[in-house]
Structures are given as C-alpha cells and as structure tokens.
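Heads up: the sequence lines are chains H and C, in that order.
Here the working numbering is used: the first residue of the first sequence is 60, the next is one more, and so on.
Here the working numbering is used: the first residue of the second sequence is 9, the next is one more, and so on.
Since the structure comes first, as structure tokens, the remarks are kept for the end.
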Amino acid sequence: MPEQPENRIERIVEDLLHGRRLRLRAGDAEEKQAIIAAARLAAARSGPQRMSPAFRRRLAQILDSSPREPRLTRRAALVAGLGVAAGAVAGGIVGRQLASSPAPLPLSASSPVVPRNGRWTDVGALADFSEGQGKLVRAGAVGAFVFRRGETVTAVSSMCSHLPCELWWERGSSLLECPCHPVSFTSDGKPSSPSYTLPALNEVKVRVSAAGRVEVLGT
Amino acid sequence: MTLDPRSPSDSSASSDDSGEVVELPNATRATDIALDELELVYAFIYARVGNRADAEDLTQQVAMKAIPRLRQGAPASAIRGYLFATARSVLGAFWSTRLGLSQAELHEDLALAVPQGPPSDESTERARRILAGLSDNYRRVLELRFLHGYSLKEVAAEMRSTVGAVKVMQLRALRAAAKVDPDA
Numbered sequence: 060m061p062e063q064p065e066n067r068i069e070r071i072v073e074d075l076l077h078g079r080r081l082r083l084r085a086g087d088a089e090e091k092q093a094i095i096a097a098a099r100l101a102a103a104r105s106g107p108q109r110m111s112p113a114f115r116r117r118l119a120q121i122l123d124s125s126p127r128e129p130r131l132t133r134r135a136a137l138v139a140g141l142g143v144a145a146g147a148v149a150g151g152i153v154g155r156q157l158a159s160s161p162a163p164l165p166l167s168a169s170s171p172v173v174p175r176n177g178r179w180t181d182v183g184a185l186a187d188f189s190e191g192q193g194k195l196v197r198a199g200a201v202g203a204f205v206f207r208r209g210e211t212v213t214a215v216s217s218m219c220s221h222l223p224c225e226l227w228w229e230r231g232s233s234l235l236e237c238p239c240h241p242v243s244f245t246s247d248g249k250p251s252s253p254s255y256t257l258p259a260l261n262e263v264k265v266r267v268s269a270a271g272r273v274e275v276l277g278t
Numbered sequence: 009m010t011l012d013p014r015s016p017s018d019s020s021a022s023s024d025d026s027g028e029v030v031e032l033p034n035a036t037r038a039t040d041i042a043l044d045e046l047e048l049v050y051a052f053i054y055a056r057v058g059n060r061a062d063a064e065d066l067t068q069q070v071a072m073k074a075i076p077r078l079r080q081g082a083p084a085s086a087i088r089g090y091l092f093a094t095a096r097s098v099l100g101a102f103w104s105t106r107l108g109l110s111q112a113e114l115h116e117d118l119a120l121a122v123p124q125g126p127p128s129d130e131s132t133e134r135a136r137r138i139l140a141g142l143s144d145n146y147r148r149v150l151e152l153r154f155l156h157g158y159s160l161k162e163v164a165a166e167m168r169s170t171v172g173a174v175k176v177m178q179l180r181a182l183r184a185a186a187k188v189d190p191d192a
C-alpha cells in the first residue's frame, strides 16, 4: 500500500527537525511545495546560520588548491559539475564557458548554438511557461532562457556574451541581468545597455512538439 | 604558503629590511574575500534546505563553480552576484534531482534578491510572515512543530487532538504555507 502523504511529510519533517539531510523518495515530488515550505520553516527555527569552522577550512583548502591557470582542466570542470559532455571539451560550447579572458569570444554574435552530437531535450510542457517571462532551463551542457509568446517559443543562451556568467531573469524590468557586470539583455538577446557594446546572446534552438512539450537542442 | 607579517595589505609585492623585493602571495587574500562571500551563500542555501549537511554540499558546489571567476581578482560585489546566480542554479538542480523532476517542472522558488550584508534574520522574519498568513489552526501546528520543536505527540496534547489528526493538519498547513510564501 502506498505511503500516505501525511506520513511521508512527517518523516521528512522529523529528519529536518533533527538536523538530518533531506531524504526524499519516489512519490515525494507530489508534495514538493509542502517539502520546500518545511525546509524553510526548519531553517527559520535555527536562525541565521554560519559555516562551521571545519567546513570553512575545507572550503579554504579547495579554493587555495585550485589550478592557477586561467582555464579549468577537464577534470576540474567535471568535479565542479559544469556539465561537461563526455569528450566535448576542446573548443565548442564548453571552451566558451570556461574562457576567462575578457576578449571577444570566438562565436559570432547571436549565432545559434548547435552542439556536436546535439539532441532535443524535453524541458517541460508549454503550459509550464508563462507568457513573456524568461524561464531558465538546461539541456545537458546548454543553459537557456525560454520565452513563450502564445503557442510559440524562443530561446537564448543563459550565459552572458561578455564573461562566462549565468544571467538571471529580472521580472521587474523584463530583462536578463548579468551578475558580473552592470549589463542586461532583452528577451530576444539584444544588449539593453548603451554603455557596453556587446554581442547579442546566442540563439538556442527550441521547438514545441506535437504533444505540446517544449524541447531545446542541447547535449 | 606564508604571509609576510610586516605587510598585511594586499599589494602584490613588498620590501623586507634588506631592500629586497619579496613576492607576497595575494591568493590568500582572494580566498578570504571569497570565504566571506560564501558565508552569505551558505546562509542563503541553509535557509532553503533546512539542514547543515545539504547546505555544506551545495555551498561547496557553488565554491567550485566560482573558482575560475575568483581568480580574476574581481571586486567583492561582482563576485557576490555571480555566486548567488550560481547558488540559484545549484539549488534548482538539487531540488530537481531530489524530487526526481525536471527543472522545468519545479515552481520557481528561488528568491532573486542578493543579500547585501552579513547573515541576517531573514529566514525567521520570512517564517513569521508566512505563518501570519495562515488560519489559526494551521499556524499553531507549524509554530509548535517548527519554531518550538514540539514532537507530534506534544502538539497533539497541546491542541487536544490526536497524533493522526495533527499529522494531516501538518501536511495541509505546509501546503497552505507554500501558497502564502511569495518566493515558494
């Protein structure tokens, strides 16, 4: 007999109140909002948290022992979870993401992202996308903001065209903002800041399937 | 790696008594700046996952993703924006993996506001606001359980109810709390 939802939630609440990790099982997703609310309330009970001295030391070791060369090795990128597709390190999208030089990037302005061995990845139902609001999705190593306009969708790369920083969608201004510099882009990828001459964001291929699912060309 | 104690500033070179120029490692200062910013990230993440072990894992992921940026000597404010953008995506991946959902199926619950200073009472204040938006019974269950740490049995005794009924009320209260929280 499947576990009752109130028992599932109680098990998770007990873990949280005892400072244990979130241990979720198949089927818990049905109560995702309640679980997220429980995690926030459990955190509120503890008040503002600081890192333990041991954890701070561990982070310091990681930061201090990282490679000093500007480009990450493939292994470091994999460990850092940068979504490196197997074998696709040299050049291409990953090379672009790892580049630390502020010089103009090799991809031409707004040329579409077409990964080697690309595949169409389901990122949700069309109904999950709100009209006119940018939604961050991932298709393997490709990150994109998808915009819905009626029954069609468009997408642009989620990475700033200047430095390898992931943009975020600012609802108030309806712009994609960069956390690293005071630049922003409109939903069609054009830079909105007159003070910086930047390439437009790369277009990401996106489509709506016959079944009403949004698919992004990724890796 | 050692620091010259006579030159605590972050200049990259200094002179010792003999006049010889000594290279000071400025990586240590960059690490300190990064760690101070990561404290804010840790508090931000902890407020959303509610436990130390997950918060440490996720903060470590953010730190490792940020390493290429930290090496460029960017100012603290630029680093903070990037760290929080990274924290958002790490949290999104965490929830989608744990709940077995694609990221598109998750409701956007990650607050975009970047904290400006040291860890504040943000999570407690938000909890109080959320609870204030609930009906009396729902608020009482969650206050007793989460803010006062009562067991189910103690909550049942306090509310003159049964453990089974309190369990159901707890679930419904959490669902209601999720609706009230603008960032949830």
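Glycine included, C-beta positions come from ideal geometry on N, C-alpha and C.
Use the C-beta contact count for residue i: other C-beta atoms within 10 angstroms, 16 or more gives buried, fewer gives exposed.
i	result
V275 of chain H	buried
N59 of chain C	buried
E210 of chain H	exposed
K73 of chain C	buried
S97 of chain C	buried
P112 of chain H	exposed
R175 of chain H	exposed
A42 of chain C	buried
S49 of chain C	The amino acid occupying residue 49 of chain C in the given sequence is Val; Ser does not appear at that position. Buried, since its Cβ has 16 or more Cβ neighbours within 10 Å.
T94 of chain C	buried
Kindly identify the DSSP beta-bridge partner or partners of residue i.
i	result
E229 of chain H	H:L234
R207 of chain H	H:E190 and H:V212
E274 of chain H	H:D181 and H:R266
M218 of chain H	H:E225
L195 of chain H	H:F204
S243 of chain H	H:E236
P250 of chain H	H:F244
V172 of chain H	H:V263
Compute the distance between the beta-carbons of residue i and residue j, then report whether it is under 8 Å.
i	j	result
G100 of chain C	A85 of chain H	no
T245 of chain H	L257 of chain H	no
S31 of chain H	F204 of chain H	The shown model of chain H, from 60 to 278, leaves out residue 31 of chain H, and the question about it has no answer.
L81 of chain H	D62 of chain C	yes
E262 of chain H	V215 of chain H	yes
G141 of chain C	V174 of chain C	no
I68 of chain H	L179 of chain C	yes
V57 of chain C	L91 of chain C	no
Q68 of chain C	L122 of chain H	no
A55 of chain C	A102 of chain H	yes
A184 of chain H	R99 of chain H	no
Kindly list, in the order they appear in chain D, the residues whose Cβ is closer than 8 Å to that of residue i.
i	result
D189 of chain C	In the displayed structure, chain D is absent; the protein chains listed are H and C.
Taking the alpha-carbon of residue i as reference, which of the options has the nearest alpha-carbon?
i	options	result
V173 of chain H	H:K194, H:V182, H:D74 and H:A200	H:A200
H221 of chain H	H:A103, H:F206, H:G193 and H:P250	H:P250
A231 of chain H	H:C219, H:G193 and H:G209	Before going on, a small fix: residue 231 of chain H reads as Gly here, not Ala. Of H:C219, H:G193 and H:G209, the residue nearest in Cα terms is H:G193.
G177 of chain H	H:T278, H:N66, H:I68 and H:I71	H:T278
E166 of chain C	C:R56, C:S85, C:V149 and C:K73	C:V149
R153 of chain C	H:L76, H:E65, H:N66 and H:E62	H:L76
R104 of chain H	C:R136, C:S85, C:I53 and C:S104	C:R136
A96 of chain H	C:T132, C:D44 and C:A86	C:T132
S104 of chain C	H:L122, H:E73, H:E89 and H:P61	H:E89
E190 of chain H	H:R208, H:R115, H:T180 and H:R79	H:R208
Segments of 4+ residues assigned as alpha helix (DSSP H) that fall wholly inside the stretch 38–105 of chain C: With a minimum length of 4 residues, the unbroken runs of alpha helix (DSSP H) contained wholly in the stretch 38–105 of chain C fall at 60–78.
Runs of alpha helix (DSSP H) lying entirely within the stretch 91–117 of chain H, each at least 4 residues, in chain order: Correct list: 91–105.
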